[in-house]
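Chemist:
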Amino acid sequence: MIRLNVNGRDVDADVEEDTPLLWVLRDTLGLTGTKYGCGKALCGACTVHLNGAPVRSCVTPVSAVGEQRITTIEGLAPNRSHPVQQAWVELDVPQCGYCQSGQIMSAAALLAQKPVPTDQDIDAAMAGNICRCGTYSRIRAAIHRAARLETEKTSAA
Amino acid sequence: MSLARRDFLKRSAMLSGGLILALNLPGCSKPSDITSSGQPVDVNAWLRIGPDNSITFFCDRSEMGQGVYTALPMLLAEELGVALHRIKVEFAPPGLVYTNNLLGTQITGGSTSVRDAWEKLRKAGAQARAMLVAAAASSWGVAPANCKVEDGTIISPHRKMLTFGQVAEAAAKLPVPEHVTLTNPAAFKIIGTPAKRLDTPLKVDGRAQYGIDVRLPDMLYAALAQPPTLGGKVKRFDDTAAKSLPGYKATVQTSSGIAVVADSWYRARKARDAVKIEWDSGPNASLNDAAILRGLQRAAASDGKVARQDGDANAALKSAAKVLTRQYTLPMLAHATLEPQNCTADVRADRCDLYVPTQIQLVAQAVAAKAAGLTPEQVNVHTTFLGGGFGRRLDVDFIPAAVEASKAVGKPVKVLWTREDDTTHDTYRPPAHDVVSGGLDKDGRLTAFRLHLVGPSVTARMFPAAVEKSIDPFAIEAAANYPYDVPNVLVDYVQHEIGIDVGYMRSVSHALNCFVVETFMDDLAIEVRRDPVEFRMGLLEKQPRYREVLRLATREARYGSPPKGRFQGVALMEGYGTYMAQVAEISIVDGKVKVHRITCALDCGLVVNPDTVMAQVEGSIVLGLTSTLWGEINLRNGRVQQANFDSYRLARMTEVPKVDTHIVSSNEAPGGIGEPAVALVAPAVCNAVYMATGRRLLSLPLTRHRLA
Chain A
122 MIRLNVNGRD VDADVEEDTP LLWVLRDTLG LTGTKYGCGK ALCGACTVHL
172 NGAPVRSCVT PVSAVGEQRI TTIEGLAPNR SHPVQQAWVE LDVPQCGYCQ
222 SGQIMSAAAL LAQKPVPTDQ DIDAAMAGNI CRCGTYSRIR AAIHRAARLE
272 TEKTSAA
Chain B
2 MSLARRDFLK RSAMLSGGLI LALNLPGCSK PSDITSSGQP VDVNAWLRIG
52 PDNSITFFCD RSEMGQGVYT ALPMLLAEEL GVALHRIKVE FAPPGLVYTN
102 NLLGTQITGG STSVRDAWEK LRKAGAQARA MLVAAAASSW GVAPANCKVE
152 DGTIISPHRK MLTFGQVAEA AAKLPVPEHV TLTNPAAFKI IGTPAKRLDT
202 PLKVDGRAQY GIDVRLPDML YAALAQPPTL GGKVKRFDDT AAKSLPGYKA
252 TVQTSSGIAV VADSWYRARK ARDAVKIEWD SGPNASLNDA AILRGLQRAA
302 ASDGKVARQD GDANAALKSA AKVLTRQYTL PMLAHATLEP QNCTADVRAD
352 RCDLYVPTQI QLVAQAVAAK AAGLTPEQVN VHTTFLGGGF GRRLDVDFIP
402 AAVEASKAVG KPVKVLWTRE DDTTHDTYRP PAHDVVSGGL DKDGRLTAFR
452 LHLVGPSVTA RMFPAAVEKS IDPFAIEAAA NYPYDVPNVL VDYVQHEIGI
502 DVGYMRSVSH ALNCFVVETF MDDLAIEVRR DPVEFRMGLL EKQPRYREVL
552 RLATREARYG SPPKGRFQGV ALMEGYGTYM AQVAEISIVD GKVKVHRITC
602 ALDCGLVVNP DTVMAQVEGS IVLGLTSTLW GEINLRNGRV QQANFDSYRL
652 ARMTEVPKVD THIVSSNEAP GGIGEPAVAL VAPAVCNAVY MATGRRLLSL
702 PLTRHRLA
């Protein structure tokens, strides 16, 4: 039995140690917002946060998580209130949407590190997230927009 | 839908726990002869109205990112008279009423959804509105023509109000009016606006359910071992090692391969990998790229079925002052939907529930029924969101194994393919080997154009009745409609099968044929020392819609004066009722092609949602560019050599050009936009490559030429 902290709650999972975190989240815990695209950390659809840092859950064995706080797309913010989610809605970023949980988690982690990212920062942070529908230009614009939303909020406060 | 009639007051009593309430909403009259049982009403096949005035749209097309989930409700809402954001969307079940009239079954593909629904859904909305107003007007004793509709509320000339929900039941009993007046496009309030997508909120917080996400009580999971050689079969298997693994439930020999069932997918996959399987390699054991190409080249010697014939191209070529002939070779491509193929089946004695990301509901239903030993009526198909379609989900090869596994174990089973399964067991975009010739007279005028298309036919496999007596219409796109004013034109097609299944992939034969036609047009222009755009314009005098998009694209791209070190190439096409031109702007950096910018001008007739049009063009261009730069599926000994995204490369954020899209304002009938932009990227880019390098590329991808 492995104990995990997921979206602020402690849960127990009866799984083998080598089970990738992705499948524990999806099949054992029923959190299907995190997606399977490749299983080899090539596409980024499985991105979650461990203590706020982005990881590819498809290659993270559950035994490696320990006490780190896991955040999935479901736990990022209540009611789509995260600035990244707000910007995504404002610009209607998703098409099929399958990659977007991973895109949002990568983008949120970027903004937590770099509140006003440059295009090069965005390139570096987002190059690992594939979008087969090709929404890249909107993803980039939405990240800039999310950064502005955050700074507007902070300066208003 | 028949409803039990219940007294409205009794219903109120139930709601209020025994107290009889006269529901007196301010401004709303209590109608004397409108009763409601309190049940939702299916006013027609697409529209359900709840007593609380909730509006549900049954979306009969699959949402794979192209935006039907929003565009189709927009059509209905415009005529029905409700605000778009109030509409809740559900996916429709299989049904003949949901037939796509342009294609002949319930199918999402061919960029037809909006075109098919354009009249149909607006009429359905207008008819429903007329019936709702008639019911309200009747209860008031006024003429329907004197009533107004505002966002789901009917207002009488005396300012009495009734909601759609209050009169839906009475309205549904009225005859459906044959003749309704549709809104004049000049008066559209919803159609033509960049309305916010209805599925976006679901897609930014993990709620959107794709096929892979379906969870049912008691559900088991299966991983599927398919023959490594395409067309192979299971000879024997030994699952001893799998049986002792945690969570293992069963091994099922299905018609698609060995399905190993467990209580989670990771356990199922581990168990599958522990099964020793001996395969019969089947008929394709020695099939490879070279053999496929040789077969296509040999087939090119045959006469094809004529797709287009003006004048006598063969004679004109014989007497031409100069003849240019080129042979083109195009590879197979994988669809690479980011959500791998999957299907969940729950088979019982007398019914089957199928949960599947399908683009073709009635066929899915029939295939599941056959696999389950049931009738189609006994199969409920629940379409989910699709994590990409691109035509892959028009095939139903991923359905039978789930049905067979569920039937075998007596529980719901979800079969999920790995990425490797998916890449190696696709129904690939067909390869092609085409021969094209152009004849020029002594003044450099193009007098003859002959295009000899050679390749396998998807339609012959999937819809054989359609090609029994006629040429495959999906093999001759962007070829049979050759637009240039040339007196002698011959386009023909040789169907040559290559031994494996090929499938429809976004833009289908447009991508193959536009590459040939448009790079060859440049080839001819350069042969007679003319600018490629000016050369084309001279041959488009009778084609104003082509001319307009070419003019617009070249103007916006500043064609003819690219920035220093950059080169431009153009491509032009009509497909799906949409006219489109693209200008690619590239440079050569470290011997590799860098695409900086693509300018696209398009005329798709009346636009339903301009924001979706922009998104489809941007996305199509990324897909088209991926294919142009790297897209190639190789076969060796009957096995596909690519497996995951390290060997089948997809474009990333850092690799996409700036895209500028310009939409021609038009009142023509809507054209499709999901696919056409894919097809122009390769020719526009390769025409620019010629300008940069002097190299005329007759095959793709660019990696073959060490330019990518």
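If you read the sequences in order, they're chains A and B. In case it helps, the numbering used here puts the first sequence at residues 122 to 278. In case it helps, the numbering used here puts the second sequence at residues 2 to 709. A virtual CB, placed ideally from N, CA and C, is assigned to each residue, including glycine.
Out of B/Tyr-211, B/Gly-82, B/Trp-119 and B/Thr-627, which has the shortest C-alpha to C-alpha gap to B/Gly-388?
Modeler: The residue with the shortest Cα to Cα distance from B/Gly-388 is B/Tyr-211.
Chemist: Any beta carbon from chain A within less than 9 Å of B/Met-1's own beta carbon?
Modeler: This structure gives no information on residue 1 of chain B, because the portion of chain B shown stretches from 2 to 709.
Chemist: Please return the same chain residues whose Cβ sits closer than 6 Å to the Cβ of A/Thr-140, not counting the five positions on each side in sequence.
Modeler: Within the same chain, A/Thr-140 has close Cβ partners Val-183.
Chemist: Cutting at 6 Å between CB atoms, please list the residues of its own chain near B/Pro-658, excluding the five before and the five after it.
Modeler: Hits under 6 Å: Val-596, His-597, Arg-598 and Ile-599.
Chemist: Determine the contact status of B/Ala-346 and B/Ala-286, defining contact as a CB-CB distance below 9 Å.
Modeler: No. Outside cutoff.
Chemist: At 7 Å on the CB atoms, spell out the chain A contacts of B/Gln-660, in chain order.
Modeler: The sequence given here has Val at residue 660 of chain B, not Gln. Chain A residues near B/Val-660: Ser-258.
Chemist: Which residue from B/Gly-207, B/Ala-137 and B/Gly-51 puts its Cα closest to that of A/Gln-206?
Modeler: Among B/Gly-207, B/Ala-137 and B/Gly-51, the Cα nearest to that of A/Gln-206 belongs to B/Gly-207.
Chemist: Applying the criterion that 16 or more other CB atoms from any shown protein chain within 10 Å of the CB defines a buried residue, is B/Gly-28 buried or exposed?
Modeler: Bear in mind that a pLDDT of 49 at B/Gly-28, under 50, signals an unreliable position, so the model cannot answer this.
Chemist: Kindly indicate if chain B contains any beta-carbon less than 9 Å away from that of A/Glu-137.
Modeler: Answer yes: the Cβ-Cβ gap between A/Glu-137 and chain B drops below 9 Å somewhere.
Chemist: Can you tell me which of the three DSSP states A/Pro-141 falls into?
Modeler: Strand at A/Pro-141.
Chemist: Kindly indicate which residue of A/Asp-133, A/Val-169 and A/Glu-137 has the alpha-carbon position closest to the one of A/Ala-229.
Modeler: Closest option to A/Ala-229, Cα to Cα, is A/Val-169.
Chemist: A/Asp-135 and A/Arg-124 look like a contact to me (Cβ under 8 Å); what is the Cβ gap, rounded to whole Å?
Modeler: Not confirmed; about 11 Å, so no contact.
Chemist: Roughly how many angstroms separate the alpha carbons of B/Val-623 and B/Asn-54, rounded to a whole number?
Modeler: Straight-line Cα distance between these residues: approximately 42 Å.
Chemist: Cβ of A/Leu-171 within 9 Å of Cβ of A/Thr-181?
Modeler: Going by C-beta atoms, A/Leu-171 is nearer than 9 Å to A/Thr-181.
Chemist: Report the residue from B/Cys-687, B/Gly-248 and B/Gly-96 whose alpha carbon sits nearest the alpha carbon of B/Thr-384.
Modeler: It is B/Gly-96.
Chemist: Just checking, does the segment 694-708 of chain B make contact with the segment 576-585 of chain B on the three C-beta pairs under 8 Å criterion?
Modeler: Segments in contact, no.
Chemist: Can you give the Cα-Cα distance for B/Ala-733 and B/Ser-667, rounded to whole angstroms?
Modeler: The question about residue 733 of chain B has no answer, for chain B in this structure spans 2 to 709.
Chemist: From the DSSP output, in three-state form, read off B/His-453 for me.
Modeler: Strand at B/His-453.
Chemist: For the 8 Å Cβ check, are there 3 or more pairs between the segment 509-517 of chain B and the segment 421-436 of chain B?
Modeler: They touch, by the three-pair rule.
Chemist: Name, in chain order, the residues that DSSP records as bridge partners for B/Glu-279.
Modeler: Note: B/Glu-279 sits in a beta bridge opposite B/Arg-237.
Chemist: Are the C-beta of B/Trp-631 and some C-beta of chain A separated by less than 9 Å?
Modeler: No, its Cβ sits nowhere closer than 9 Å to a Cβ of chain A.
Chemist: Taking beta-carbon pairs under 9 Å, can you tell me which members of the segment 364-394 of chain B lie near chain A?
Modeler: For the segment 364-394 of chain B, which is checked against every Cβ of chain A, the residues closer than 9 Å are Phe-386, Leu-387, Gly-388, Gly-389, Gly-390 and Phe-391.
Chemist: Are three or more beta carbon pairs between the segment 606-624 of chain B and the segment 188-197 of chain B nearer than 8 Å?
Modeler: Yes: at least three Cβ pairs fall under 8 Å.
Chemist: Spell out whether any CB of chain B is found under 9 Å from the CB atom of A/Cys-167.
Modeler: A/Cys-167 does not count as touching chain B.
Chemist: Please determine, among B/Gln-298, B/Leu-77 and B/Glu-528, the residue with the shortest C-alpha to C-alpha distance to B/Val-324.
Modeler: Minimum Cα distance to B/Val-324 is reached at B/Glu-528.
Chemist: Could one say the Cβ of B/Tyr-505 lies closer than 9 Å to chain A's Cβ atoms, at least one of them?
Modeler: No - not a single Cβ of chain A is within 9 Å of the one on B/Tyr-505.
Chemist: Rank B/Phe-521, B/Ala-369, B/Tyr-483 and B/Ala-135 by C-alpha distance to the C-alpha of B/Ile-156 and give the top, closest one.
Modeler: With distances taken between Cα atoms, B/Ile-156 lies closest to B/Ala-135.
Chemist: Under three-state DSSP, which class holds B/Gly-720?
Modeler: Outside the shown range of chain B (2 to 709) lies residue 720 of chain B, about which nothing can therefore be said.
Chemist: Tell me, to the nearest whole angstrom, how far the beta carbon of B/Ile-191 is from that of B/Ala-226; I am working on the premise that it is less than 8 Å.
Modeler: At roughly 50 Å, the Cβ-Cβ gap does not stay under 8 Å, so B/Ile-191 and B/Ala-226 are not in contact.
Chemist: Between which two residues does the beta strand (DSSP E) carrying B/Glu-151 extend?
Modeler: B/Glu-151 -> beta strand (DSSP E) spans 149-151.
Chemist: What are the residues of the segment 238-254 of chain B that lie near chain A, defined by any Cβ-Cβ distance shorter than 8 Å?
Modeler: Hits within the stretch, in order: Pro-247.
Chemist: I'd like the span of the alpha helix (DSSP H) that includes B/Asp-523, first residue to last.
Modeler: Its alpha helix (DSSP H) spans residues 509-528.
Chemist: Write down every uninterrupted run of the beta strand (DSSP E) in the segment 277-314 of chain B whose length is 3 residues or greater and which is fully enclosed by it, in chain order.
Modeler: 277-281 and 306-311, all fully within the segment 277-314 of chain B.
Chemist: In chain B, which residues lie with their C-beta within 9 Å of the C-beta of A/Val-186?
Modeler: Going along chain B, no residue has its Cβ under 9 Å from A/Val-186, so there is no contact; the nearest lies around 15 Å.
Chemist: Check whether the Cβ of B/Val-623 lies closer than 9 Å to any Cβ atom in chain A.
Modeler: Output row for B/Val-623: interface = yes.
Chemist: Using only the alpha-carbon positions, how far apart do B/Arg-49 and B/Phe-92 sit?
Modeler: Approximately 12 Å, taken between the alpha carbons.
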